[in-house]
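Shown next, in structure tokens, is the structure this report addresses.
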Amino acid sequence: MKTTNNMVKSYLTILMIFASIFILEGCSSQKNTIYWVNSVKNNCTNGAGQMKCLMIHKGDSMDTPQWELFYAEIEGFTWEPGFFQKIEIKEEPLDKENLPADASGIKYSLINVLEKQKDSRFDLNAKWILYSIHGNLVSPGNPLPTIEFKLSEMRVFGNNGCNNYSGSIENITSDTITFGPVMSTKMMCMEMAVPDSFDQALFKSLNYKVDNQFLKFTDGNGKETLSFKKEDL
Numbered sequence: 024m025k026t027t028n029n030m031v032k033s034y035l036t037i038l039m040i041f042a043s044i045f046i047l048e049g050c051s052s053q054k055n056t057i058y059w060v061n062s063v064k065n066n067c068t069n070g071a072g073q074m075k076c077l078m079i080h081k082g083d084s085m086d087t088p089q090w091e092l093f094y095a096e097i098e099g100f101t102w103e104p105g106f107f108q109k110i111e112i113k114e115e116p117l118d119k120e121n122l123p124a125d126a127s128g129i130k131y132s133l134i135n136v137l138e139k140q141k142d143s144r145f146d147l148n149a150k151w152i153l154y155s156i157h158g159n160l161v162s163p164g165n166p167l168p169t170i171e172f173k174l175s176e177m178r179v180f181g182n183n184g185c186n187n188y189s190g191s192i193e194n195i196t197s198d199t200i201t202f203g204p205v206m207s208t209k210m211m212c213m214e215m216a217v218p219d220s221f222d223q224a225l226f227k228s229l230n231y232k233v234d235n236q237f238l239k240f241t242d243g244n245g246k247e248t249l250s251f252k253k254e255d256l
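Residue numbering for the sequence shown follows the numbering used here, beginning at 24 and increasing consecutively.
Here it is as structure tokens:
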């Protein structure tokens with residue numbers, strides 16, 4: 024009987040050792056990572072076609088962020104346009120044999136939101152009325168050009184004083200902007216001097232600054248191209 028008891032104890036000990044090894048291996052395949060999530064999403068393509076993806080920077084600091092598209096979902100995470108979020112997530116490898124061909128091989132789960140910062144670029148989100156072109160005040164006698172931003176969709180739209188226009192924003196930082204292709208209607212108005220000047224100045228605009236109720240654009244040499252006043256709500 025004593026021998027049998029010893030055998031059972033040995034058998035249970037072996038099972039516990041194997042169980043411990045299995046648990047340790049499972050834990051070692053998981054890791055926690057710090058991500059910064061951008062305040063805007065960007066266009067991306069997957070098997071389902073065009074969509075909007077998160078942009079992330081891996082690292083503790085945002086001094087020199089290297090943004091990259093993130094195609095997967097983060098379980099438990101809620102993206103907020105207009106805010107950078109520093110998050111801690113768990114990365115857990117999945118069994119690739121049971122995954123669809125275009126699915127992520129890693130499961131991402133939110134552990135904690137560590138920090139949240141307001142994105143100053145979202146100060147652009149308003150309707151702006153043209154105030155001056157190349158420093159020259161625009162007469163309020165005619166319809167004034169406008170510009171509006173929707174950064175959550177990386178879009179710009181408005182009216183140049185004659186035609187409606189809309190386009191994409193290819194890139195934007197805290198003080199620079201790159202407009203994508205802009206499409207507009209093709210009406211001919213009695214007065215085209217302001218609309219034509221507006222179109223040319225907007226095309227040359229590379230930098231911007233929001234100062235209280237005013238928005239100013241400058242070209243690559245720092246010369247003012249356009250200035251706007253925020254529409255009164």
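Backbone N, C-alpha and C define an ideal beta-carbon position, used for all residues, glycine too.
Exercise. Is the beta carbon of L258 less than 8 Å from the beta carbon of L249?
Worked result: The question about residue 258 has no answer, for the chain in this structure spans 24 to 256.
Problem set entry | Residue interval of the beta strand (DSSP E) (run including K252) | For this step, residue 252 is matched to residue 229 along the sequence shown. Boundaries of the beta strand (DSSP E) around K252: 247–253.
Exercise. E96 to C76, Cα distance in whole Å?
Worked result: One-based indexing of the sequence shown puts residue 96 at position 73. One-based indexing of the sequence shown puts residue 76 at position 53. Roughly 9 Å separates the two Cα atoms.
Exercise. For T119, does the three-state DSSP call read helix, strand or coil?
Worked result: Numbered from its first residue, the sequence shown carries residue 119 at position 96. According to the sequence shown, residue 119 is Lys rather than Thr. Of the three classes helix, strand and coil, the one that applies to K119 here is helix, per DSSP.
Problem set entry | Secondary structure of P204, DSSP reduced to three states | Residue numbering aside, residue 204 sits at position 181 when the sequence shown is read from its first letter. Reduced to three states, the DSSP call for P204 is strand.
Problem set entry | Any 3 or more C-beta pairs closer than 8 Å across the segment 97–117 and the segment 127–146 | yes
Problem set entry | Alpha-carbon to alpha-carbon, N121 and T201 | Translated into the one-based positions of the sequence shown, residue 201 becomes position 178. Translated into the one-based positions of the sequence shown, residue 121 becomes position 98. For T201 and N121, the distance between alpha carbons rounds to 42 Å.
For this session: Within its chain, find whatever has a CB closer than 8 Å to the CB of E247; leave out the 5 residues flanking it on each side and keep chain order.
Result: Residue mapping note: residue 247 aligns to position 224 of the sequence shown, counting from 1. Apart from the 5 residues on each side of it in sequence, E247 sits with its Cβ closer than 8 Å to the Cβ of S155, H157, G158, K239, F240, T241 in its chain, given in chain order.
For this session: Could you have a look at K54 and say whether DSSP puts it in helix, strand or coil?
Result: Position 31 of the sequence shown holds residue 54. In this structure, K54 counts as strand in the three-state DSSP scheme.
Exercise. In its own chain, which residues sit with a C-beta less than 7 Å from the C-beta of L92, not counting the 5 before and 5 after it?
Worked result: Indexing the sequence shown from 1 puts residue 92 at position 69. Once the five neighbours on either side are set aside, the close Cβ partners of L92 are N65, C67, C76, M78.
Exercise. Does DSSP classify D219 as helix, strand or coil?
Worked result: For the purposes of this step, residue 219 is identified with residue 196 of the sequence shown, where counting begins at 1. D219 falls in the helix class under three-state DSSP.
For this session: Within its chain, find whatever has a CB closer than 6 Å to the CB of Q140; leave out the 5 residues flanking it on each side and keep chain order.
Result: Taking the first residue of the sequence shown as 1, we reach residue 140 at position 117. Around Q140: F107.
Exercise. Would the beta-carbon of E114 fall within 8 Å of that of K54?
Worked result: Numbered from 1 along the sequence shown, position 91 holds the residue referred to as residue 114. Numbered from 1 along the sequence shown, position 31 holds the residue referred to as residue 54. Taking 8 Å as the Cβ cut-off, E114 and K54 qualify as a contacting pair.
Exercise. Roughly how many angstroms separate the alpha carbons of K130 and P163, rounded to a whole number?
Worked result: One-based indexing of the sequence shown puts residue 130 at position 107. One-based indexing of the sequence shown puts residue 163 at position 140. Between K130 and P163, the C-alpha separation is close to 57 Å.
For this session: Report buried or exposed for L117, applying the criterion of at least 16 other Cβ atoms within 10 angstroms of its Cβ.
Result: Taking the sequence shown and counting its residues from 1, the one referred to as residue 117 is at position 94. Exposed is the call here.
Exercise. Can you tell me whether P204 is buried or exposed, with buried defined as 16 or more other CB within 10 angstroms of its CB?
Worked result: As a working note, residue 204 is residue 181 in the sequence shown. Burial call: exposed.
Exercise. So, helix, strand or coil for F226, using DSSP?
Worked result: Here residue 226 corresponds to residue number 203 of the sequence shown, with the count starting at 1. Looking at F226 - three-state DSSP - the assignment turns out to be helix.
Exercise. In this structure, does DSSP put F145 in helix, strand or coil?
Worked result: What you label residue 145 is simply residue 122 of the sequence shown in a count that begins at 1. In this structure, F145 counts as helix in the three-state DSSP scheme.
For this session: Report the partner residues of Y231 according to the DSSP bridge assignment.
Result: Sequence index remark: in the sequence shown, residue 231 carries index 208 (1-based). F240, per the DSSP bridge assignment.
For this session: Would you tell me roughly how many angstroms separate the C-alpha atoms of W98 and N148, rounded to the nearest one?
Result: As a position in the sequence shown, residue 98 is number 75, starting the count at 1. As a position in the sequence shown, residue 148 is number 125, starting the count at 1. As written in the sequence, residue 98 is Glu, which differs from the Trp given in the question. Straight-line Cα distance between these residues: approximately 29 Å.
Exercise. For F100, does the three-state DSSP call read helix, strand or coil?
Worked result: Within the sequence shown, residue 100 is the residue found at index 77, counting from 1. Of the three classes helix, strand and coil, the one that applies to F100 here is coil, per DSSP.
Problem set entry | Span of the beta strand (DSSP E) around W90 | Numbered from 1 along the sequence shown, position 67 holds the residue referred to as residue 90. Here W90 belongs to no beta strand (DSSP E), and DSSP marks it neither H nor E.
For this session: Report yes if the CB atom of E254 is closer than 8 Å to the CB atom of I152, and no otherwise.
Result: Numbered from 1 along the sequence shown, position 231 holds the residue referred to as residue 254. Numbered from 1 along the sequence shown, position 129 holds the residue referred to as residue 152. Yes, Cβ-Cβ distance for E254 and I152 is below 8 Å.
Exercise. Comparing alpha-carbon positions, which option in G190, T199, P88, S197 lies nearest T208?
Worked result: Locating residue 208 in the sequence shown gives position 185, where the first residue counts as 1. That would be G190, whose Cα lies nearest to the Cα of T208.
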